[in-house]
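Chemist:
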Amino acid sequence: MPELPEVETVARGLDQSLEGRTFTGVTVRWPRTVARPEPAQLEQQIIGRRVQSVGRRGKYVVVELDQGYLLIHLKMSGRLLVVAAGEPLEGHVHVFFDLDDGRQLRFHDVRKFGRVYLVDEPEQITAGLGPEPLDDDFTLDDFSRLLARRSGRLKSLLMNQQFLAGLGNIYADESLFAARLHPLRGADSLTPDEKARLYDAIRSVLGQAVDSRGTTLDDRGYVDASGRAGAFQAQIAVYGRRGQACLVCGTPVERIVIGGRSSHFCPRCQT
DNA sequence: AAAGCACCCTGTACGC
DNA sequence: TGCGTACAGGGTGCTT
């Protein structure tokens with residue numbers, strides 16, 4: 000599932016390959032994928048727009064145009080691929096954009112949860128997101144202050160994009176393992192040392208995952224804009240490892256459901 | 001404020 | 001072999 004490291008990797012690839020390109024057409028094959036404007040208006044609004052840069056906010060890919068912004072959320076299964084227009088159109092391509100150099104930006108999404116937005120300002124979509132955990136100016140003090148106002152379970156909190164932007168199920172579980180904190184711990188129960196451990200763990204796990212170009216769990220999983228898989232799966236400690244030995248102590252990894260989402264943790268290491 | 005759940009979707013795993 | 005069904009997952013919206 001694309002989370003912050005995967006979206007960051009996609010955005011970096013798109014920034015390289017799309018900068019300076021102009022959109023010359025768009026085809027919508029599954030209208031619900033286009034959240035706004037109305038699919039019929041997308042064409043007239045995006046043709047002629049030029050890409051200035053591609054970045055990321057939370058789990059959104061943010062394409063800065065000479066006028067307006069194209070935002071894409073990959074949700075569960077979305078892929079953004081840049082290919083020559085002559086390449087056969089794969090199944091599950093719900094929207095594709097023609098570029099002025101004979102290539103296409105294709106939005107491929109088996110689950111159809113992903114969404115595309117064309118807006119004047121990115122904040123129209125991203126205003127509710129919490130801070131970026133990897134920003135230089137996101138400090139331990141900031142994190143402690145955010146935690147102080149919360150009382151829910153750590154796992155649910157880390158998954159809440161309004162609390163912190165970019166963590167999903169994989170990196171929330173991995174961060175809690177790295178911090179040696181149980182996913183059901185109350186956010187208001189942490190000692191100063193535990194808060195520091197969690198802050199460090201989130202930044203360390205996300206940073207390493209970005210360096211590894213994200214996590215690709217199987218051959219249908221995440222790939223970047225050039226179709227390349229990530230490598231962080233080799234460093235996964237608990238996610239998806241139910242029943243397997245904890246890499247630190249050998250205790251079987253447990254899986255429980257929190258807030259309707261699976262949570263993986265070591266019952267001995269995480270307290 | 002937080003928890004629980006249905007919803008959106010489809011491929012896959014599983015039971016019979 | 002083939003069918004039906006449960007499940008996974010991020011985010012939103014609704015109810016408790």
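Position 159 of the first sequence, counted from 1, bears residue number 158 in numbering that gives the first Met the number 0, the numbering being contiguous throughout. Every residue gets a Cβ at the ideal spot worked out from N, C-alpha and C, and that includes glycine.
(1) Measuring CA to CA, which of Q161, Q160 and A195 is closest to L175?
(2) Taking all protein chains shown into account, decide if D14 is buried (16 or more other Cβ within 10 angstroms of its Cβ) or exposed.
(3) D135 by DSSP, collapsed to three states: which one?
(4) How should Q66 be labelled, buried or exposed, when 16 other C-beta atoms within 10 angstroms of its C-beta is the threshold for buried?
(5) Going by Cα to Cα distance, which pick from L246, I257, I235 and G213 is closest to V9?
(6) According to DSSP, is F142 helix, strand or coil?
(7) Taking the alpha carbon of A230 as the point to measure from, which residue in A224, D217, R240 and V237 has its own alpha carbon closest?
(8) Sort out for me which residues DSSP pairs S76 with in a bridge.
(9) Using the beta-carbon count (16 or more within 10 Å), is A83 buried or exposed?
(10) Starting from I235, follow the beta strand (DSSP E) in both directions and report where the run begins and ends.
(11) So, are the CB atoms of Y170 and E2 less than 8 Å apart?
(12) Closest to G19 by C-alpha separation, out of G47, E7, A34 and E5, would be which residue?
(13) Thinking just about the alpha-carbon of each residue, which of Y221, E86, R267 and N168 is nearest to the one in V109?
(14) Pick out whichever of E131, A177 and S76 has its Cα sitting closest to the Cα of Q161.
(15) Give me the DSSP bridge partner(s) of Y198.
(16) Using DSSP bridges, identify the partner residues of R254.
(17) Determine the burial state of E7: buried for a count of at least 16 other Cβ atoms within 10 Å of its Cβ, exposed for fewer.
(18) So, for E173: in the same chain, excluding its five sequence neighbours on each side, which residues have a beta-carbon less than 7 Å away from its beta-carbon?
(19) Alpha helix (DSSP H) containing V50: first to last residue?
(20) Is A186 closer than 8 Å to S150 when the C-beta atoms are compared?
(21) Is T23 helix, strand or coil by DSSP?
(22) According to the Cβ coordinates, are T32 and V94 closer than 8 Å?
(23) Could you check what DSSP says for D192 in three-state terms: helix, strand or coil?
Modeler: Considering the structure as presented:
(1) Measuring from the Cα of L175, the nearest candidate turns out to be A195.
(2) Buried: at least 16 other Cβ atoms inside 10 Å.
(3) DSSP, reduced to helix, strand and coil, places D135 outside both helices and strands of the structure shown, so it counts as coil.
(4) Exposed.
(5) Proximity to V9 across L246, I257, I235 and G213 peaks at G213, based on C-alpha coordinates.
(6) In the structure shown, F142 sits in a helix (DSSP, three-state: H, G or I).
(7) Measuring C-alpha to C-alpha distances from A230 to each of A224, D217, R240 and V237 identifies D217 as the nearest.
(8) For S76, which the question treats as bridged, DSSP gives no partner whatsoever.
(9) With fewer than 16 other CB atoms across the displayed protein chains lying within 10 angstroms of its CB, A83 is exposed.
(10) Premise fails: I235 is in no beta strand (DSSP E) and is neither H nor E.
(11) For Y170 and E2, yes; Cβs fall inside 8 Å.
(12) Ranking G47, E7, A34 and E5 by Cα distance to G19 puts G47 first.
(13) Considering only Y221, E86, R267 and N168, the residue with the shortest C-alpha distance to V109 is Y221.
(14) The shortest CA-to-CA distance from Q161 to any of E131, A177 and S76 is the one to E131.
(15) Bridge partners of Y198 according to DSSP: none are assigned.
(16) According to DSSP, R254 bridges with H263.
(17) Flag for E7 reads buried.
(18) Within the same chain, E173 has close Cβ partners V204, I235, A236, V237 and Y238.
(19) Boundaries for V50: no alpha helix (DSSP H) harbours it, while the beta strand (DSSP E) harbouring it runs V50 to R56, taken from the DSSP string.
(20) In contact: S150 and A186 (Cβ atoms closer than 8 Å).
(21) Strand, per DSSP.
(22) Contact flag set, yes.
(23) Helix.
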